[in-house]
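Student: Sequence order for the protein chains is C and V.
Mapping of the first sequence onto the working numbering: residues -17 to 324, in sequence order.
Mapping of the second sequence onto the working numbering: residues -17 to 324, in sequence order.
Input: one structure, supplied below.
2 protein chains.
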Amino acid sequence: MKRKSAVTSRDVAERAGVSQSAVSRCFSPKASISEKTKVKVLKAAKELGYRPNSIARSLITRSSRTIALVLSHLDNMFYPLVVEKASLRFQAEDYHLLLFVVPEEGDFAGVMDSILQSQVDGILMMSASLTSSLAHECVETGIPVVLINRNVDFAGISQVYSDNYHGGYWVGSYLAMGGHERVAYLAGLETSSTSRHRYQGLVDGLASLGQQCRVVARGDYDFEQAREATLQLFAEPPYPDAIFAASDHMAISVMETLRHDLGRRVPEDVSVIGFDDTPIAAWPSYRLTTVRQPVDRMVEEATTLLLKQIRQGDFNAENRVLPVTPILRDSARQPARELATE
Amino acid sequence: MKRKSAVTSRDVAERAGVSQSAVSRCFSPKASISEKTKVKVLKAAKELGYRPNSIARSLITRSSRTIALVLSHLDNMFYPLVVEKASLRFQAEDYHLLLFVVPEEGDFAGVMDSILQSQVDGILMMSASLTSSLAHECVETGIPVVLINRNVDFAGISQVYSDNYHGGYWVGSYLAMGGHERVAYLAGLETSSTSRHRYQGLVDGLASLGQQCRVVARGDYDFEQAREATLQLFAEPPYPDAIFAASDHMAISVMETLRHDLGRRVPEDVSVIGFDDTPIAAWPSYRLTTVRQPVDRMVEEATTLLLKQIRQGDFNAENRVLPVTPILRDSARQPARELATE
DNA sequence: TCGCGTTTTGCAAACGTATTCATATCGTGG
DNA sequence: CCACGATATGAATACGTTTGCAAAACGCGA
């Protein structure tokens, strides 16, 4: 294998018989350069296989055109989807994505440090509830951060998430109208604000019709843990007649466990409702009743928000909460008459 | 929001009363620096909130400590898993990951250009069959590339993939021994070498027992397309009595379609076999018979190979083909007596 | 205290580009 | 053909580090 070419703008300048500045200008869209020299330079550049060194460029422009994407639960189909969309969006805007997978409740501070050093122009976090000290640190460095699908009570960081409370509320009232009397909640990570808000909504939704949430189990957004939790819930009576899981990922696990380990029918014996509306939820085997998060809009809002903050150095943190949509399928017993969605 | 700090090594040098070189040395592991000045510098650095500018560092060391990860099918659970593993591995080695999602048969050359400009130290490709002109270009620039789960007939690029041919071969003989007589193959992308090799194996495996592959349908590794293809296969007799899909992702789609659209039982009416052994394959609803790819080993081999090539500037391309493991579950009719796996 | 080998330290030169500023060139109307 | 505004060009500087080199400081036995 040959050694790296390392052909610089000087090399092509020499070959084209112009100055280094000239060739630099040829690769800056808005720079002033005559058509004549431009073709000369581009010709020479092509012949030498020249590509501008983006590192040097970043150094001088003080912008890496790179955005950090940090997340953890890559096994939950929801995230790959937003990664894909976000990636396409940023690529279109000529930004690069630096991926950071934080090892699930692991050494987050370390990763954060790594991010800060990497000179990214912005950070898109879709995971890991930020401790407020870390949040503070982010803001101090002046790097724009937007949280997606998570939030932290710290002014100064932008957040876009969906209306978890009302999603939960809808589930609560829907289950209550369906005549369920022993509703269980399968929570996500303890540190997750989304899980808490969904729970709060559930409780209030049930209460609005005189019901309550009987039991809360921990699933930590994990497939296996959701399974354990479900077995636990049915270890001894009284058994739940409905389970609301904080994510589709867990809801599917619940359904699998109910059907194949516990011999329960869904929804005849127990209703199951999820959250997200992941593609799997629509598969005929599940037909999971769930609450749809507007992934496209979330990504769209988050990315444009981030880009805006990057461009105008001076910005204010914004919160965007997006509406969710109940998706009525067959995994939950339907109320006798249709529920009027608010 | 405040403006970026931009505290440089000079600032901390001044505050610590040393030269700029000294502070630089404090952040280079192997540099020679006395303990005394080191603490002085680190103290000053902490007080000022200094972080070495990795861009400037990259410029001088000519190494960005960054690796490009390029892929397309983020919806197939197989890929998020390897992304996660690869990410953790590289982070542990203090490398960063630049993510490139190539829009599915889209403008690959453009993305490639973008990658080359980004000055990555290496490229890990898990998708998109490289055209040989692009492959050539990669090699020319001298950037180490390793392909994972894909291959291209071009010496000079390292590849790690699993033994697709023998995986297919096993499927062929297993289906033949199970007494299937009308086997269909649901192919992946036409450009995909893996799909071709699996097919070749299937054909030979069937032939070894006097059978053949009756029909080939195109699924392009896509869930929806796999569904269409399945419907097509059962549009009119003769119907297949077994379908081998080039990925679990498609195999699941096939099962869903068979059961819910076509009212067929699996495996009583038709056997289904996949490839990958994605987590979903093990779910009780499917219990998909499949061929396991050793994801962990693939990632391990690919990453170490890449890192090795990066470290020693001079390297030879290597191919690693890893053994697969048949996973016998319930989606395919079992032969009367156990098949002795070779 | 001196001498000598070993660390430590500072100076200065890179790394490859963008960009300012002054100069040169061009186009055009008088 | 001249003058003049607009536009194109080149020289030089800066971005924030790493690192070779030479000088300085150090440790320590004599």
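Beta carbons: idealized from backbone N, C-alpha and C, even for Gly.
Span of the beta strand (DSSP E) holding V:Phe9?
Tutor: Counting from 1 along the second sequence, the entry for residue 9 of chain V is found at position 27. That residue, V:Phe9, is in no beta strand (DSSP E); it is neither H nor E in DSSP.
Student: Leaving aside the five residues before and after C:Pro34 along the sequence, list all residues of the same chain whose C-beta is less than 6 Å from its C-beta, in chain order.
Tutor: Counting from 1 along the first sequence, the entry for residue 34 of chain C is found at position 52. Cβ neighbours of C:Pro34 beyond the five flanking positions: Phe9.
Student: Helix, strand or coil: how does DSSP classify V:Gly150 here?
Tutor: Your numbering for residue 150 of chain V matches position 168 in the second sequence. Three-state result, V:Gly150: helix.
Student: Please classify C:Ile42 as buried or exposed, where buried requires at least 16 neighbouring CB atoms within 10 angstroms.
Tutor: For the purposes of this step, residue 42 of chain C is identified with residue 60 of the first sequence, where counting begins at 1. By the neighbour-count rule (16 or more Cβ atoms within 10 Å), C:Ile42 is not buried but exposed.
Student: Can you tell me whether V:Val(-11) is helix, strand or coil according to DSSP?
Tutor: Residue -11 of chain V sits at position 7 when you count from the first residue of the second sequence. In the structure shown, V:Val(-11) sits in coil (DSSP, three-state: anything other than H, G, I, E or B).
Student: By alpha-carbon positions, which one of C:Ala68, C:Arg178 and C:Ala314 ends up nearest to C:Gly277?
Tutor: Residue 277 of chain C sits at position 295 when you count from the first residue of the first sequence. Going by the sequence as given, residue 277 of chain C is Val instead of Gly. When only C-alpha atoms are compared, the closest one is C:Ala68.
Student: Give the residues from the region 30 to 42 of chain V that approach chain C closer than 8 Å (Cβ to any Cβ), ordered along the chain.
Tutor: Listed by position along the chain: Gly31, Arg33, Pro34, Asn35, Ser36, Ile37, Ala38, Ser40 and Leu41.
Student: Applying a beta-carbon distance threshold of less than 8 Å, which residues of chain V neighbour C:Gln101?
Tutor: Translated into positions along the first sequence, residue 101 of chain C becomes position 119. Going along chain V in sequence order, the residues near C:Gln101 (Cβ under 8 Å) are Asn35, Ser36 and Ile37.
Student: Suppose you measure from the CA of V:Ala322 to the CA of V:Cys195; what does that come to, to the nearest Å?
Tutor: In the second sequence, residue 322 of chain V corresponds to position 340, counting from 1. In the second sequence, residue 195 of chain V corresponds to position 213, counting from 1. Note on V:Ala322: pLDDT 47, under 50, position unreliable in the model; the coordinate value appears next. Answer to the nearest angstrom: the Cα atoms are 22 Å apart.
Student: Could you pull out every residue in the same chain whose Cβ sits closer than 6 Å to the Cβ of V:Ser(-9), ignoring the five residues on either side in sequence?
Tutor: The sequence position of residue -9 of chain V within the second sequence is 9, counting from 1. Only Gln2, Val5 and Ser6 meet the Cβ criterion.
Student: Let me check one thing: in DSSP terms, what residues is C:Phe82 bridge-paired to?
Tutor: The residue you call residue 82 of chain C lines up with position 100 of the first sequence. BP columns for C:Phe82 point to C:Val52.
Student: Quick check: C:Leu171 and C:Asp145, are their CB atoms within less than 9 Å of each other?
Tutor: By 1-based counting over the first sequence, the position of residue 171 of chain C is 189. By 1-based counting over the first sequence, the position of residue 145 of chain C is 163. No, the pair does not count as a contact, with Cβ atoms beyond the cut-off.
Student: Assuming C:Ile37 contacts V:Gln101 under a Cβ cut-off of 8 Å, what Cβ separation, rounded to an integer in Å, is found between them?
Tutor: If you number the first sequence from 1, residue 37 of chain C lands on position 55. If you number the second sequence from 1, residue 101 of chain V lands on position 119. The pair is a contact, with the Cβ atoms about 5 Å apart (cut-off 8 Å).
Student: Output the distance between the C-alpha atoms of C:Arg293 and C:Val84, rounded to the nearest integer angstrom.
Tutor: Your numbering for residue 293 of chain C matches position 311 in the first sequence. Your numbering for residue 84 of chain C matches position 102 in the first sequence. In a straight line, the C-alpha of C:Arg293 is about 27 Å away from that of C:Val84.
Student: Under the assumption that V:Val281 contacts V:Val64 (Cβ atoms under 8 Å), give the Cβ distance between them as a whole number of angstroms.
Tutor: Here residue 281 of chain V is taken as the residue at index 299 of the second sequence, counted from 1. Here residue 64 of chain V is taken as the residue at index 82 of the second sequence, counted from 1. Confirmed, about 5 Å.
Student: How far does the alpha helix (DSSP H) with C:Ser96 in it extend, from its first residue to its last?
Tutor: As a working mapping, residue 96 of chain C is identified with position 114 in the first sequence. That run of the alpha helix (DSSP H) goes Phe90 to Gln99.
Student: Could you work out which residues of chain V lie near C:Trp265, taking near to mean beta carbons separated by less than 7 Å?
Tutor: Mapped onto the first sequence, residue 265 of chain C falls at position 283. Within chain V, the residues near C:Trp265 are Glu238.
Student: For V:Thr212, list the residues DSSP reports as bridge partners.
Tutor: Mapped onto the second sequence, residue 212 of chain V falls at position 230. For V:Thr212, which the question treats as bridged, DSSP gives no partner whatsoever.
Student: Beta carbons nearer than 9 Å to chain C: which residues of the region 220 to 248 of chain V have them?
Tutor: If the cut-off is 9 Å between Cβ atoms, the region 220 to 248 of chain V has Ile234, Ser235, Met237, Glu238, Thr239, Arg241, His242 and Asp243 near chain C.
Student: Below 8 Å on the Cβ atoms is my contact criterion, and I expect C:His78 with C:Thr48 to pass it. Report the Cβ-Cβ distance as a whole number of Å.
Tutor: Along the first sequence, one-based indexing puts residue 78 of chain C at 96. Along the first sequence, one-based indexing puts residue 48 of chain C at 66. Confirmed, Cβ separation roughly 5 Å.
Student: Under 9 Å, Cβ to Cβ, is there at least one residue of chain C near V:Val325?
Tutor: Missing from the structure shown is residue 325 of chain V; chain V here goes from -17 to 324 and no further.
Student: I'd like to know if C:Gln275 contacts chain V, where contact means its C-beta is closer than 9 Å to some C-beta of that chain.
Tutor: By 1-based counting over the first sequence, the position of residue 275 of chain C is 293. Closer than 9 Å: no.
Student: Would you list the residues sitting across from V:Gly104 in a DSSP beta bridge?
Tutor: Indexing the second sequence from 1 puts residue 104 of chain V at position 122. Beta-bridge pairing links V:Gly104 to V:Ile49.
Student: Can you give the beta carbon distance from C:Pro222 to C:Arg164, rounded, assuming they're within the 8 Å contact cut?
Tutor: Taking the first sequence and counting its residues from 1, the one referred to as residue 222 of chain C is at position 240. Taking the first sequence and counting its residues from 1, the one referred to as residue 164 of chain C is at position 182. About 5 Å separates the two Cβ atoms, so the contact holds.
Student: Can you list, in chain order, the residues of its chain whose CB lies under 7 Å from that of C:Met(-17), leaving out five sequence neighbours each side?
Tutor: The residue you call residue -17 of chain C lines up with position 1 of the first sequence. The predicted position of C:Met(-17) is uncertain, since its pLDDT is 36 and thus under 50; a value taken from the coordinates is nonetheless stated next. Here the set comprises nothing.
Student: What residues from chain V crowd round C:Leu80, counting only those whose CB sits closer than 9 Å?
Tutor: Position 98 of the first sequence, counted from the first residue, corresponds to residue 80 of chain C. Result: Thr48, His78, Leu79, Leu80 and Leu81.
Student: Span of the beta strand (DSSP E) holding C:Ser144?
Tutor: Numbered from 1 along the first sequence, position 162 holds the residue referred to as residue 144 of chain C. Note, C:Ser144: beta strand (DSSP E), Ser140 to Ser144.
Student: Just how far apart, CA to CA, sit V:Ala117 and V:Leu289?
Tutor: Counting from 1 along the second sequence, the entry for residue 117 of chain V is found at position 135. Counting from 1 along the second sequence, the entry for residue 289 of chain V is found at position 307. Those two C-alpha atoms are separated by around 19 Å.
Student: Excluding the five sequence neighbours on either side, which residues of its own chain have a C-beta within less than 6 Å of the C-beta of V:Asp243, listed in chain order?
Tutor: Locating residue 243 of chain V in the second sequence gives position 261, counting from the first residue. The answer is none, since no qualifying residue turns up.
Student: At a Cβ threshold of 9 Å, is V:Asp95 touching chain C?
Tutor: Residue mapping note: residue 95 of chain V aligns to position 113 of the second sequence, counting from 1. Yes, V:Asp95 counts as interfacial toward chain C.
Student: Using the Cα positions of V:Val0 and V:Gln99, report the straight-line distance between them to the nearest angstrom.
Tutor: To locate residue 0 of chain V, count along the second sequence from 1; it is residue 18. To locate residue 99 of chain V, count along the second sequence from 1; it is residue 117. Near 37 Å, if we compare the C-alpha coordinates of V:Gln99 and V:Val0.
Student: Any C-beta of chain C sitting closer than 9 Å to the C-beta of V:Ser10?
Tutor: Here residue 10 of chain V is taken as the residue at index 28 of the second sequence, counted from 1. So, not an interface residue.
Student: Do the CB positions of V:Leu80 and C:Leu81 come within less than 9 Å of each other?
Tutor: Working through the second sequence from its first residue, we reach residue 80 of chain V at position 98. Working through the first sequence from its first residue, we reach residue 81 of chain C at position 99. In this structure, C:Leu81 lies closer than 9 Å to V:Leu80 by Cβ.
Student: What is the residue span of the beta strand (DSSP E) that C:Pro308 lies within?
Tutor: One-based indexing of the first sequence puts residue 308 of chain C at position 326. Where C:Pro308 is concerned, the enclosing beta strand (DSSP E) stretches over Thr307 to Ile309.
Student: Grab me the residues of C:Pro266's own chain with a C-beta within less than 8 Å of its C-beta, minus the 5 sequence neighbours each way, in chain order.
Tutor: Stepping through the first sequence from its first residue, residue 266 of chain C is reached at position 284. Within the same chain, C:Pro266 has no close Cβ partners at all.
Student: Strictly below 9 Å CB to CB, what residues from chain C border V:Asp57?
Tutor: The count along the second sequence starts at 1 and reaches residue 57 of chain V at position 75. Neighbours of V:Asp57 on chain C, chain order: Met59, Pro62, Leu63, Glu66 and Pro261.
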